[in-house]
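There are 2 protein chains.
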Amino acid sequence: MNIVIVGTGLIGGSIALALRSPKTRIIGVDAKQENLKKALELGIIDEAMPLEKTYGIADLIILSVPVNVTRDILPSILDSIQDNTTVIDTGSTKVGICEVVKSHPKRKNFVATHPMAGTEFSGPEAALKNLFNGKKTIICDKQLSCDSAVKQAEDFYNKLGMSILYMTSEEHDKHIAYVSHLTHVIAYALSLTVQEIEKNDKKNIFEMAGSGFASTVRIAKSSAAMWTPIFRQNSEYLIDSIDKYTAVLQQIKQLIKEDRNEELFDLLSEANKIKELLDNK
Amino acid sequence: MNIVIVGTGLIGGSIALALRSPKTRIIGVDAKQENLKKALELGIIDEAMPLEKTYGIADLIILSVPVNVTRDILPSILDSIQDNTTVIDTGSTKVGICEVVKSHPKRKNFVATHPMAGTEFSGPEAALKNLFNGKKTIICDKQLSCDSAVKQAEDFYNKLGMSILYMTSEEHDKHIAYVSHLTHVIAYALSLTVQEIEKNDKKNIFEMAGSGFASTVRIAKSSAAMWTPIFRQNSEYLIDSIDKYTAVLQQIKQLIKEDRNEELFDLLSEANKIKELLDNK
Chain A
1 MNIVIVGTGL IGGSIALALR SPKTRIIGVD AKQENLKKAL ELGIIDEAMP LEKTYGIADL
61 IILSVPVNVT RDILPSILDS IQDNTTVIDT GSTKVGICEV VKSHPKRKNF VATHPMAGTE
121 FSGPEAALKN LFNGKKTIIC DKQLSCDSAV KQAEDFYNKL GMSILYMTSE EHDKHIAYVS
181 HLTHVIAYAL SLTVQEIEKN DKKNIFEMAG SGFASTVRIA KSSAAMWTPI FRQNSEYLID
241 SIDKYTAVLQ QIKQLIKEDR NEELFDLLSE ANKIKELLDN K
Chain B
1 MNIVIVGTGL IGGSIALALR SPKTRIIGVD AKQENLKKAL ELGIIDEAMP LEKTYGIADL
61 IILSVPVNVT RDILPSILDS IQDNTTVIDT GSTKVGICEV VKSHPKRKNF VATHPMAGTE
121 FSGPEAALKN LFNGKKTIIC DKQLSCDSAV KQAEDFYNKL GMSILYMTSE EHDKHIAYVS
181 HLTHVIAYAL SLTVQEIEKN DKKNIFEMAG SGFASTVRIA KSSAAMWTPI FRQNSEYLID
241 SIDKYTAVLQ QIKQLIKEDR NEELFDLLSE ANKIKELLDN K
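Okay, structure coming up:
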């Protein structure tokens with residue numbers, strides 16, 4: 001089986017590592033020659049090839065590039081593939097990507113997915129064989145893909161050790177705005193705020209930062225190249241979530257300011273309930 | 001040596017576990033009888049006693065209660081202790097606590113400190129022997145304590161395996177507002193926002209929450225009883241930090257809204273720099 005991985009960074013590299021087997025030929029495609037070189041050196045891919053050379057031989061094409069690049073290249077990939085090739089994307093937004101191919105004659109060869117795993121690192125060096133194992137992935141708008149393409153996507157995620165959720169692109173983008181994209185905005189904003197306030201005295205950040213700060217700000221290290229287009233493509237739901245979040249921040253601030261300690265206590269106790277929700281996960 | 005630990009929860013219990021030795025008698029004081037019972041059962045303390053019974057025998061009194069309780073009880077503790085007893089608090093605010101004893105004749109017996117360690121759990125069951133080991137602690141306004149009390153505090157933190165920073169109460173509260181208190185506000189607000197938006201569909205939180213969400217929202221589980229008075233006592237610096245943080249959030253939102261992708265990319269790249277700062281820690 002010939003699997004083409006477009007984008008050999010954290011996500012694509014980790015997929016390649018998880019899939020490697022004697023029966024599988026992993027072909028890497030990447031706009032950055034240094035990524036391909038590194039991926040070959042690290043034994044992540046079997047060979048490197050320009051995208052257009054892969055169309056004749058690809059059984060499965062996996063897109064693991066920033067979501068703006070996926071939007072740019074997905075139509076022409078569908079134009080060029082053979083009838084029995086399946087294309088899967090792995091991006092963190094779904095509506096904007098599905099939009100550009102919604103009337104494409106080969107839309108049914110494409111499966112819109114989002115494997116929910118990652119780290120704050122990027123590039124082939126960041127790839128981890130077990131990044132996806134035990135995690136969840138989402139397949140969106142399943143009915144728009146043909147049965148054999150869905151089956152191939154399901155088999156693929158089973159091989160990665162992931163369990164599969166199904167929903168529409170709209171549902172995906174709405175919920176993921178809150179549980180992932182907003183979380184990243186929050187971390188980036190915390191990083192910028194603390195760097196700004198401590199700019200004359202950065203030593204204090206290292207010295208006084210506790211584990212809570214470190215765990216919240218961890219994802220502010222995430223690739224700006226990857227997250228800028230995600231924020232843009234999910235801007236409606238994300239802006240809505242930032243507005244709702246800001247309103248809660250203001251509510252907490254007001255209670256602190258006006259010394260309304262009982263109400264503040266009740267609100268924080270309400271926030272504590274996330275424990276039960278997450279622990280049941 | 002008789003060490004009295006007032007408050008036998010996460011912090012006090014962890015201190016007790018780290019200090020236990022044949023030469024040390026650990027006396028637990030707690031307003032909650034069930035905490036004392038649990039702490040005795042778990043072998044965290046040697047014996048339980050009402051606070052007033054400890055004054056005649058205490059070499060060292062450690063306060064590990066919520067910061068409002070510390071403010072309430074610290075003056076009367078200083079009224080009652082013997083001349084050679086040292087009192088150390090472990091609260092996350094310093095100005096408000098130092099304020100209530102600034103003119104006390106026994107101010108020099110008191111050392112204002114903040115061991116920077118914790119988890120999102122609370123109570124004696126949450127106590128961990130190595131919670132403090134390898135972490136930082138802060139001693140504030142050292143010159144207001146007598147040399148022997150400072151020495152005792154230093155020896156105490158050395159026994160816990162902590163390294164010591166020195167600063168004023170004002171410096172402490174200003175910096176800690178950003179690297180700890182704001183971080184907690186952010187997590188509480190994220191928890192409340194997501195719970196509110198997903199209230200009809202909480203299953204999606206469990207299913208779709210990634211590791212970034214989990215690590216950011218983790219500290220929203222932190223005890224409301226402990227954090228309400230911390231926010232209140234550090235309200236000025238904290239409100240200032242919330243305002244600055246909100247301004248950055250709005251800036252990010254505006255760039256997303258207006259499709260100013262290059263500026264957004266630059267800003268997120270700036271946020272990425274927290275990596276260098278934290279990795280140098």
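Just so you know, the sequences run in chain order A and B.
Once you know that position 14 of the first sequence is 14 in our numbering, the rest is easy, because the numbers rise by one and skip nothing.
Once you know that position 281 of the second sequence is 281 in our numbering, the rest is easy, because the numbers rise by one and skip nothing.
For glycine and all other residues, C-beta sits at the position ideal for the given N, C-alpha and C.
Given the structure is predicted, the values throughout are model-derived calculations rather than measurements.
From what residue to what residue does the beta strand (DSSP E) around residue i run?
| i | result |
| --- | --- |
| G28 of chain B | R25 to V29 |
| Y166 of chain A | S163 to M167 |
| P229 of chain A | Per DSSP, P229 of chain A belongs to no beta strand (DSSP E); it is in the alpha helix (DSSP H), A224 to Q233. |
| F213 of chain A | Looking at the DSSP string, F213 of chain A is not in any beta strand (DSSP E); the run it does join, the alpha helix (DSSP H), is S211 to V217. |
| I88 of chain A | T86 to D89 |
| A149 of chain A | Not the beta strand (DSSP E): A149 of chain A falls in the alpha helix (DSSP H), residues D147 to K159. |
| V6 of chain A | N2 to V6 |
Pull up the distance between the alpha-carbon of residue i and that of residue j, whole angstroms please.
| i | j | result |
| --- | --- | --- |
| E276 of chain B | A214 of chain A | 12 Å |
| E34 of chain B | K221 of chain A | 43 Å |
| N130 of chain A | Y157 of chain A | 12 Å |
| L278 of chain B | A127 of chain A | 22 Å |
| K147 of chain A | G9 of chain A | Reading off the sequence, residue 147 of chain A comes out as Asp, not Lys. Near 29 Å, if we compare the C-alpha coordinates of G9 of chain A and D147 of chain A. |
| D59 of chain B | R20 of chain B | 15 Å |
| I44 of chain A | T24 of chain A | 12 Å |
| K159 of chain A | N2 of chain A | 15 Å |
| A112 of chain A | D72 of chain A | 15 Å |
| A39 of chain A | R260 of chain B | 33 Å |
| F265 of chain B | A224 of chain A | 6 Å |
| K142 of chain A | K273 of chain A | 34 Å |
| L17 of chain B | L51 of chain B | 20 Å |
| S211 of chain A | G13 of chain A | 29 Å |
| E236 of chain B | T183 of chain A | 26 Å |
| E198 of chain A | K151 of chain A | 52 Å |
| Y166 of chain A | S92 of chain A | 15 Å |
| D173 of chain B | K257 of chain B | 35 Å |
| M208 of chain B | D201 of chain B | 12 Å |
| E47 of chain B | E171 of chain B | 37 Å |
How would you write the range of the alpha helix (DSSP H) that residue i sits in, first residue to last?
| i | result |
| --- | --- |
| N272 of chain B | N261 to N272 |
| A16 of chain A | L10 to L19 |
| H184 of chain A | L182 to I197 |
| V67 of chain B | V67 to S80 |
| L51 of chain A | L51 to T54 |
| A39 of chain A | Q33 to E41 |
Would you say residue i and residue j are within 8 Å of each other, going by their C-beta atoms?
| i | j | result |
| --- | --- | --- |
| V67 of chain B | V6 of chain B | no |
| A271 of chain A | S163 of chain B | no |
| L249 of chain B | A189 of chain A | yes |
| K253 of chain A | I239 of chain B | yes |
| P115 of chain B | K135 of chain B | yes |
| I288 of chain B | M49 of chain B | Any answer about residue 288 of chain B is impossible in this case: the structure gives chain B only from 1 up to 281. |
| A117 of chain A | F132 of chain A | yes |
| T137 of chain B | N109 of chain B | no |
| V4 of chain B | I62 of chain B | yes |
| T54 of chain A | A187 of chain B | no |
| T90 of chain A | I139 of chain A | no |
| E120 of chain B | R218 of chain B | yes |
Can you confirm whether residue i, when its beta carbon is compared against all beta carbons of chain A, has any partner nearer than 8 Å?
| i | result |
| --- | --- |
| T168 of chain B | no |
| K281 of chain B | Caution applies to K281 of chain B, whose pLDDT of 49 falls short of 50 and renders its modelled position unreliable; the model cannot decide the point. |
| T93 of chain B | no |
| Y188 of chain B | yes |
| I219 of chain B | yes |
| Q195 of chain B | yes |
| K129 of chain B | no |
| M116 of chain B | yes |
| T24 of chain B | no |
| F231 of chain B | yes |
| D30 of chain B | no |
Using a Cβ-Cβ distance under 8 Å, would residue i count as near chain B?
| i | result |
| --- | --- |
| G134 of chain A | no |
| K273 of chain A | yes |
| V185 of chain A | yes |
| G210 of chain A | yes |
| I176 of chain A | yes |
| Y237 of chain A | no |
| S215 of chain A | yes |
| I252 of chain A | yes |
Any heavy atom of the ligand NAD closer than 7 Å to the Cβ of residue i?
| i | result |
| --- | --- |
| N200 of chain B | Ligands displayed in this structure: none; no statement on the ligand NAD is therefore possible. |
Can you find at least 3 beta carbon pairs, one from the stretch 170-178 of chain A and one from the stretch 236-255 of chain A, that sit closer than 8 Å?
-> yes
Are there three or more Cβ pairs, one per stretch, closer than 8 Å when the stretch 251-269 of chain A is compared with the stretch 98-106 of chain B?
-> no
Indicate whether the contact test is met: 3 or more Cβ pairs, each with one atom in the stretch 224-233 of chain A and one in the stretch 66-85 of chain A, closer than 8 Å.
-> yes
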